[in-house]
Amino acid sequence: MILMERVTVSTLLLTFHKILKKNGLSLIELLIAIFIMVLVVGAAFSVYVLVVKGYKGESKVSETVMSLQWAEEIIRRDIEHAGCGLFTKLTSDITYSEADYTVNGISASSFNDAPSGVPRALILSDEAYTWSSNFTSDWLVIKSTRVADNEATRVWGVYDAEREAYTPIGEGKEERVWGVLLQIEGEELKLFVSGEDWCWRVKVSGGSISDLPSGLPSALFLFFGLRPESDRPARPFHRVDYFVSVPNGGLPEKCAPATGILYRVLLRNDGKADYQPLVDCVKDFQVAVKFGDSWVSSLIVPPEQLRGKVSEVRAFILAQEGQKFEQKLTDIDKISIGDEDVGILKEVGLSEEDKYYRWRVLKIVARPVLLKGEK
283 MILMERVTVS
293 TLLLTFHKIL
303 KKNGLSLIEL
313 LIAIFIMVLV
323 VGAAFSVYVL
333 VVKGYKGESK
343 VSETVMSLQW
353 AEEIIRRDIE
363 HAGCGLFTKL
373 TSDITYSEAD
383 YTVNGISASS
393 FNDAPSGVPR
403 ALILSDEAYT
413 WSSNFTSDWL
423 VIKSTRVADN
433 EATRVWGVYD
443 AEREAYTPIG
453 EGKEERVWGV
463 LLQIEGEELK
473 LFVSGEDWCW
483 RVKVSGGSIS
493 DLPSGLPSAL
503 FLFFGLRPES
513 DRPARPFHRV
523 DYFVSVPNGG
533 LPEKCAPATG
543 ILYRVLLRND
553 GKADYQPLVD
563 CVKDFQVAVK
573 FGDSWVSSLI
583 VPPEQLRGKV
593 SEVRAFILAQ
603 EGQKFEQKLT
613 DIDKISIGDE
623 DVGILKEVGL
633 SEEDKYYRWR
643 VLKIVARPVL
653 LKGEK
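Quick note on the working numbering: the sequence shown kicks off at 283 and runs consecutively.
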């Protein structure tokens with residue numbers, strides 16, 4: 283079309299040239315020439331506007347696709363590492379702190395195991411969080427040393443206290459880090475505690491580890507790094523929470539009404555929230571867990587009941603794709619979230635305004651291998 287318009291403009295210029303070569307130019311000829319020029323310029327501008335709109339729309343779709351792919355990898359990684367570095371047994375009382383923040387009236391402390399409990403690797407609360415008028419989403423909590431990615435958490439390995447031999451397994455560099463020692467007792471991992479201390483500042487260098495606490499029994503230990511040298515850990519693990527919320531500054535302009543942002547919230551050392559936005563314009567976030575032989579949409583159980591029973595987690599994100607279209611895209615009134623295995627977790631209603639947007643359901647499948655559930 284653009285090539286045809288170039289030809290038309292060239293033809294027009296040639297016409298002007300022929301007209302100007304004549305002896306004189308009548309008013310009618312001038313008006314006709316101006317009229318033709320206006321038509322051609324108007325058509326070219328219309329094409330330009332359409333091209334710009336199309337490019338803008340496609341770029342927004344690409345943004346959504348990329349953010350969903352990024353979110354998929356992060357969520358899958360967190361779920362697969364659920365329980366990594368967590369102790370399963372205590373023989374001495376310890377004290378630690380956990381979440382101390384509130385989102386839209388919901389306290390994250392509802393999912394705490396502090397001040398002295400054995401941590402739960404996975405917590406799922408169904409429709410726990412109301413983030414917009416009449417809209418709710420699931421709240422997923424994952425506890426592990428690996429949900430925080432830093433130089434310290436990349437340091438971990440096996441220590442044989444009897445032979446005083448350390449075998450590094452993690453990819454971390456030589457570091458002086460704070461971490462925990464978990465004594466291997468059959469299928470249990472017992473947190474080593476001395477007095478009130480449950481974390482230790484050690485130096486790891488290649489195949490050696492030094493500055494370990496005194497009084498270690500002759501046994502095998504797992505060492506997991508938690509924080510860099512300067513920061514004493516507030517808890518013997520890291521934690522992330524997933525939920526949909528609306529920021530104080532509002533949503534991006536492209537987002538449909540009654541949508542939010544899917545956040546990954548990393549718990550800081552002071553107990554406050556480090557909000558990490560994953561996906562904009564999210565309509566809903568639903569999660570199902572294969573617990574034993576059944577799929578459940580809520581999982582709030584003691585830590586010992588998780589081990590050996592959680593085999594798979596499926597997360598579903600209903601998100602807007604691109605920006606608003608000028609014409610209605612669908613006449614359906616609701617979108618079902620789920621699949622043939624987990625069933626329908628939720629049916630999300632669409633308003634008339636929502637029907638001018640394209641919607642996509644992303645399904646994420648992950649297996650928390652450290653919880654050892656049967657497939």
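Using N, Cα and C, we set each Cβ at its ideal position, and we do this for glycine too.
{"Check": "Inter-residue spacing [alpha-carbon to alpha-carbon] between PRO585 and LYS610", "Outcome": "48 Å"}
{"Check": "GLN602 burial status per 10 Å Cβ neighbour count (16 or more: buried)", "Outcome": "buried"}
{"Check": "3-residue-minimum beta strand (DSSP E) runs that sit fully inside the stretch 506-582, ordered along the chain", "Outcome": "520-527, 542-549, 555-573, 576-578"}
{"Check": "Residue from GLU635, GLU433, PRO495, PHE598 with nearest C-alpha to GLU354", "Outcome": "PHE598"}
{"Check": "Proximity of SER527 and ASN386 at Cβ, strictly below 9 Å", "Outcome": "yes"}
{"Check": "Pairwise C-alpha distance: LYS645 and GLY324", "Outcome": "46 Å"}
{"Check": "Under 9 Å between C-beta atoms of LEU544 and VAL522", "Outcome": "no"}
{"Check": "Residue span of the alpha helix (DSSP H) that contains GLN587, given as start and end", "Outcome": "585-588"}
{"Check": "Straight-line gap, LEU653 to GLU634 (C-alpha atoms, nearest Å)", "Outcome": "44 Å"}
{"Check": "For PHE317, three-class secondary structure by DSSP", "Outcome": "helix"}
{"Check": "Beta strand (DSSP E) runs wholly inside the stretch 415-446, at least 3 long, in chain order", "Outcome": "417-426, 438-442"}
{"Check": "DSSP state of TRP641 mapped onto helix, strand, coil", "Outcome": "strand"}
{"Check": "Cutoff 8 Å; reference ILE491; Cβ partners in own chain excluding five residues on either side", "Outcome": "GLY439, TYR441, TYR448, VAL484, LYS485, PHE505"}
{"Check": "Assigned exposure category for VAL647 - 16 Cβ within 10 Å defines buried", "Outcome": "exposed"}
{"Check": "Paired residues, beta bridge with LYS599 - DSSP", "Outcome": "According to the sequence as given, residue 599 is Ile; it is not Lys. In DSSP, ILE599 forms a bridge with PHE567, LEU644."}
{"Check": "Whole beta strand (DSSP E) elements within the stretch 447-473, 3-residue minimum", "Outcome": "447-450, 457-467, 470-473"}
{"Check": "Length of the line joining the Cα atoms of LYS572 and GLY489", "Outcome": "39 Å"}
{"Check": "Cβ-Cβ distance between ASP420 and PHE567 below 9 Å", "Outcome": "yes"}
{"Check": "Own chain, CB closer than 7 Å to TYR638, minus 5 neighbours either side, in chain order", "Outcome": "LYS606, PHE607, LYS610, LEU611"}
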